[in-house]
Amino acid sequence: KNQVEQSPQSLIILEGKNCTLQCNYTVSPFSNLRWYKQDTGRGPVSLTIMTFSENTKSNGRYTATLDADTKQSSLHITASQLSDSASYICVVRGGYQKVTFGIGTKLQVIP
Amino acid sequence: DVKVTQSSRYLVKRTGEKVFLECVQDMDHENMFWYRQDPGLGLRLIYFSYDVKMKEKGDIPEGYSVSREKKERFSLILESASTNQTSMYLCASSPFTDRVGGNIQYFGAGTRLSVL
Chain A
2 KNQVEQSPQS LIILEGKNCT LQCNYTVSPF SNLRWYKQDT GRGPVSLTIM
52 TFSENTKSNG RYTATLDADT KQSSLHITAS QLSDSASYIC VVRGGYQKVT
102 FGIGTKLQVI P
Chain F
23 DVKVTQSSRY LVKRTGEKVF LECVQDMDHE NMFWYRQDPG LGLRLIYFSY
73 DVKMKEKGDI PEGYSVSREK KERFSLILES ASTNQTSMYL CASSPFTDRV
123 GGNIQYFGAG TRLSVL
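Each protein sequence line maps, in turn, to chains A and F. Heads up: the first sequence is residues 2 to 112, going by my numbering. Heads up: the second sequence is residues 23 to 138, going by my numbering.
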């Protein structure tokens, strides 16, 4: 069964600190992995996409990594800001356009 | 910018009522989706549509139906609302042949439905 597991479920960090969110998947075959950010009361918005051949990709203070061999991805947030408070959802696309969502990690950045 | 608009942000209905959730996208996307999002369960696909008048069941279609009469509009219908359908409902759209974008989905802001 295709699964996407994210850890931790929730995280509280001080403003200005860094953090790393994890995503492990068992989806096969693998097409791509996307990280979404979902602000409270809003729909998810795409942050970055990782394909099989990509190891690292940055989008401002967000850096995603992918290890296709171990089927793991991480999202690293540098110098966190209050506006980073949100849920971060890992989504893996497999064969036949099948998409599997992780439950998400809820991040709270406090002053 | 892609815009996906859901007709209501909050909705309160009674058990047994017929409920319509409307979604409109302005980017001429072929694919449209309806999800529900519950704490601890994440997003679960209810139905999707890849063309006008076409629909496919997702993972949890029971108790729901959909309608897509026009390309830009995708409606979710709860024929007889029940309390276990209280949830956040999210609509999304994506282009059909989005090879470069990897089939990114654009989401609406969501409708929080409470069934009493």
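Beta carbons: idealized from backbone N, C-alpha and C, even for Gly.
Note on F:F70: 16 or more other CB atoms within 10 angstroms of its CB, so buried under the neighbour-count rule. Around the Cβ of A:V110, a 10 Å sphere holds 16 or more other Cβ atoms; the residue is buried. If you ignore the 5 residues before and after A:P9, its C-beta comes within less than 7 Å of the C-beta of T106, all in its own chain and listed in chain order. Pairwise C-beta distances place the stretch 91-100 of chain A out of contact with the stretch 29-39 of chain F, as fewer than three of them are shorter than 8 Å. Burial state of A:P30 is exposed, judged by a 10 Å Cβ sphere holding fewer than 16 other Cβ atoms.
Counting along the chain, A:I13 sits inside the beta strand (DSSP E) bounded by residues S11 to L15. The Cβ-Cβ distance between F:Q47 and F:S109 does not fall below 8 Å.
Rounded to the nearest angstrom, the gap between the Cα atoms of F:A114 and A:D70 is 31 Å. Sequence-distant Cβ neighbours of A:T41 in its own chain, meaning closer than 6 Å and more than five residues away, do not exist here. At a cut-off of 8 Å between C-beta atoms, A:I104 counts as an interface residue with respect to chain F. Annotation: F:G80 to A:Q7 spans about 22 Å, alpha carbon to alpha carbon. Cα atoms of A:E55 and A:D68: separation of roughly 9 Å, rounded to the nearest angstrom. Under the three-state reduction of DSSP, F:N106 is assigned to helix.
With its beta carbon less than 8 Å from one in chain A, F:F129 belongs to the interface.
F:K93 and F:V74 have their C-alpha atoms spaced approximately 5 Å apart. Comparing alpha-carbon positions, the option among F:G62, F:K35, F:E78 and F:G38 lying closest to F:W56 turns out to be F:E78. Assigned with DSSP and collapsed to three states, A:L22 falls in strand. Taken in chain order, the complete beta strand (DSSP E) segments of 3 or more residues contained in the stretch 44-69 of chain F are 53-60.
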